[in-house]
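Input: a single structure, listed below in structure tokens.
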Amino acid sequence: LVYLMVFGIGSLSGGFVKLNALFPPIIAVAAASLRWFVASSASEMVLAALPVPVEKVPFLVAASLPALIFISGLLPIMGLAAAKPDGYDNRHPRLMKTAESLMPKYPLNFRLQSAHN
């Protein structure tokens, strides 16, 4: 199912008709899932499990987002450094991260890099 969502029908890759036919249902499912989670008891358990009081949660999120952004940018670079025979070339990083060079051999790194952009 995850493979289909990332690389298949849910990828939103394609022409105008496919994009406009699939985008509204995906948004509706995302909104319904969010509404279900917020209304369920699971959201209260998640908030209670956090290491800060509930009123400090927005600050925790704001403080952790830069780290998440940094890590999501670092993962494709480290993946390329580990997988490519020549390692990672920081002199030409955009050439290393193009679709032509990443997608055929390293699709996961390509998806991580695309998500970071």
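For what it's worth, our numbering labels the leading residue of the sequence shown as 18, then goes sequentially. Ideal placement from N, C-alpha and C gives every residue a C-beta, glycine not left out. A quick note: this is a predicted structure, and the numbers were derived from the prediction, not measured.
Rounded to whole angstroms, what's the CA-CA distance from residue i to residue j? Just pull it up for me.
i: L92; j: I86; result: 10 Å
i: S57; j: L51; result: 10 Å
i: L39; j: A49; result: 16 Å
i: V69; j: V78; result: 11 Å
Please classify residue i as buried or exposed, where buried requires at least 16 neighbouring CB atoms within 10 angstroms.
i: F54; result: exposed
i: L18; result: For L18, the predicted structure reports a pLDDT of 46, less than 50, and the residue's modelled location is therefore unreliable. The matter cannot be settled from this model.
i: F127; result: buried
i: K73; result: exposed
i: K114; result: buried
What is the DSSP secondary structure of residue i, reduced to helix, strand or coil?
i: N107; result: coil
Which ranges would you report for the alpha helix (DSSP H) in the segment 56-90 if only whole runs of at least 4 residues count?
Complete alpha helix (DSSP H) runs here, min 4: 58-66.
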